[in-house]
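J.: My structure is below; once you've seen it, I'll send some questions.
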Amino acid sequence: MASSGVLKVVCVVVVFMAALLLGGAKASLQCHQYADDLLPCIPYVQINSGVPAEMCCNGIRTVYTKNQITRIDIARCILKLKGEESLGDYHFALGLPDRCGVVG
């Protein structure tokens, strides 16, 4: 059955994404120091408003370029600042850097 194969692939991808986000954050990653820049992203993650707010994207670009942290670490920090997490939150948080034009 092709559909069961697709389901297996989707499950593997979801588990991989969760492992990346839940895996131990770097000891030097202090999300509170990025709070001012990343807090505007929380509404997007909570309700997936479609288009991230400009303040959110500006914050992501600032954190990424000035602090040399990875896009995955940015997603981790957004989720950590948000407090509670769901599978949908992981998906939206991981996609935010791309939606804001941060490549690399």
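Under mature numbering (1 follows the signal peptide of the UniProt record, and there is no 0), read the sequence shown as residues -27 to -1, 1 to 77, first letter to last.
Backbone N, C-alpha and C fix where the C-beta goes; we use that ideal spot for every residue, glycine too.
In this text the structure is predicted, and so the values were computed from the model without any measurement.
Quick check: the segment 59 to 73 against the segment 41 to 51, are at least 3 beta-carbon pairs closer than 8 Å?
T.: The segment 41 to 51 is in contact with the segment 59 to 73.
J.: Let's test the definition: count the other Cβ atoms within 10 Å of the Cβ of residue 62 and tell me whether it reaches 16, buried, or not, exposed.
T.: Classification of residue 62: buried, given that the 10 Å Cβ count is 16 or more.
J.: Going along the chain, which residues of its own chain have a beta-carbon closer than 6 Å to the beta-carbon of residue -2, five neighbours each way excluded?
T.: Its pLDDT being 46, under 50, residue -2 is placed unreliably in this model, and the value from its coordinates should be taken loosely. Counting only Cβ-Cβ distances below 6 Å, and skipping sequence neighbours, we find nothing.
J.: For the alpha helix (DSSP H) containing residue 14, list its first residue and its last residue.
T.: Unbroken run through residue 14: none, as it is neither H nor E.
J.: Measuring CA to CA, which of 37, 42, 32 and 12 is closest to residue 2?
T.: Checked all of 37, 42, 32 and 12; the closest Cα to residue 2 is 42.
J.: By the 10 Å Cβ neighbour count, where 16 or more other Cβ atoms means buried, how is residue 9 classified, buried or exposed?
T.: Under this definition residue 9 is an exposed residue.
J.: From the DSSP output, in three-state form, read off residue 51 for me.
T.: Residue state, collapsed to three classes: helix.
J.: Which residues bound the alpha helix (DSSP H) around residue 73?
T.: No alpha helix (DSSP H) contains residue 73, which DSSP labels as neither H nor E.
J.: Expressed to the nearest angstrom, what Euclidean distance is found between the alpha-carbon atoms of residue 75 and residue 27?
T.: Each residue's alpha carbon lies about 13 Å from the other.
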